[in-house]
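K.L.:
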Amino acid sequence: MELYFQIKSDYMNDGVSQTVKLIIWNILRNPNIPCEIRNQSLYRLLVGVCEELIFNEIEAVYWSIFLEDYVWTEIDDSLHDLLLFSGFAVKKEICDSVEPFLFYLETSHDKFLISYEIWEQNHSPFIQIGILELNSKYQKLTSFDNRDSGELFNFNFYVDDILHACPPYSIPELKAEADDKKDENERAESFRSNSFSLFFENKRMSSSDNLLPDLATNASTGQSSLVYNPGLLQKIDSICNVYLNVDIPKIVTDPSKTKKKRSSLLSLLSDSAQN
């Protein structure tokens with residue numbers, strides 16, 4: 007087990023090579039892949055098996071032939087199991103020692119060896135792949151312009167990969183959480199806005215309430231206090247302007263008995279001035 011992880015650690019330092027990834031992309035362009043499994047994340051499944059079995063370029067090309075003969079034609083069983091079985095069969099065909107890989111697979115996948123032996127019995131002897139065939143396949147799968155006549159490229163694999171790399175907020179659960187945070191922020195902003203409005207309204211009303219007592223106190227002290235209190239004069243002036251700008255409805259009475267009435271505030275100011 008330690009030997010396997012040591013080999014895999016060295017392998018994963020560089021990760022799956024770009025050539026292996028290109029081979030996988032070209033494998034997925036095979037028109038013989040059943041439609042029933044095209045909706046699955048095939049690219050990530052194939053890359054995952056390459057990482058588990060530490061495939062190099064030659065093993066990936068060899069595996070592509072096994073996929074055509076032993077996997078794409080069988081979709082009744084678990085796809086991931088078929089990928090592992092065919093991948094391990096490639097290891098047995100090419101590698102001298104598969105004990106580290108077998109020990110890992112037996113440990114990480116329940117009853118792997120028993121299931122693999124049943125699968126192997128149903129497919130052995132495996133096809134023999136010659137050097138010329140392997141080289142031809144390698145040239146084809148490592149080409150960037152791998153288009154057979156009449157083949158239609160399937161972009162679903164690219165779409166799956168893009169969706170897999172989509173931002174978290176596009177995931178329903180995370181999007182709902184983001185919406186909740188947005189609503190919470192809006193409620194907090196509304197609360198702050200209302201609090202400021204209430205604060206200034208209370209301050210304005212408090213200033214108005216304190217204005218008349220200050221005015222009466224200063225007015226009762228005589229004219230001299232008004233002269234030497236500019237702040238009070240400004241308050242009086244502002245209140246008078248507000249009072250004079252109010253449209254007071256006229257009451258029609260007998261002209262002979264009409265007498266201009268003065269407000270208590272103006273009377274107070276007049277009396278204070280006379281004193």
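Sequential numbering of the sequence shown, starting at 7, is according to the numbering used here.
All C-beta atoms in this analysis are idealised placements derived from N, C-alpha and C, irrespective of residue type, glycine included.
Name the two residues that bound the continuous alpha helix (DSSP H) containing Val55.
P.N.:
Leu48 to Leu59
K.L.:
State the DSSP-derived secondary structure class of Thr113, mapped to helix, strand or coil.
P.N.:
helix
K.L.:
Helix or strand or just coil, what does DSSP make of Pro106?
P.N.:
Pro106: helix per DSSP, three-state reduction.
K.L.:
Where does Val77 fall in DSSP's three states?
P.N.:
helix
K.L.:
Look at the alpha carbon of Asn62 and the alpha carbon of Glu192, and state the distance between them as a whole number of angstroms.
P.N.:
54 Å
K.L.:
Output needed for Phe91: all residues of its chain with C-beta closer than 7 Å, excluding positions within five of it in sequence on either side, in chain order.
P.N.:
Tyr122 and Trp125
K.L.:
Cβ of Cys56 within 8 Å of Cβ of Val22?
P.N.:
yes
K.L.:
If distances are taken between C-alpha atoms only, which option among Leu59, Asn128 and Ile133 comes closest to Glu105?
P.N.:
Glu105 has its Cα closest to that of Leu59, out of Leu59, Asn128 and Ile133.
K.L.:
Starting from the Cα of Asn36, find the closest Cα among Ile71, Met18, Leu51 and Leu119 and give me that residue.
P.N.:
Ile71
K.L.:
Quick one: using the 10 Å Cβ neighbour count with 16 as the cut-off for buried, is Phe107 buried or exposed?
P.N.:
buried
K.L.:
If we ignore side chains and look at the alpha-carbon of each, how far apart do Ile33 and Val67 end up?
P.N.:
9 Å
K.L.:
Taking 8 Å as the cut-off, decide whether the C-beta atoms of Glu80 and Leu88 are in contact.
P.N.:
yes
K.L.:
For Leu119, is the classification buried or exposed, using 16 other Cβ atoms within 10 angstroms of its Cβ as the cut-off for buried?
P.N.:
exposed
K.L.:
Exposed or buried, what is Leu73 when buried is set at 16 or more other beta-carbons lying within 10 Å of its beta-carbon?
P.N.:
buried
K.L.:
Are Ile43 and Leu85 closer than 8 Å when you measure CB to CB?
P.N.:
At a Cβ-Cβ threshold of 8 Å, Ile43 and Leu85 count as neighbours.
K.L.:
With a threshold of 16 other CB atoms inside 10 Å of the CB of Glu65, please say whether the residue is buried or exposed.
P.N.:
buried
K.L.:
Just to confirm my understanding: we take Leu140, look at its own chain, exclude 5 residues before and 5 after, and list those with CB closer than 7 Å. What are they?
P.N.:
Val67 and Tyr68
K.L.:
May I have the straight-line CA-CA distance separating Gln127 from Ser103, to the nearest angstrom?
P.N.:
20 Å
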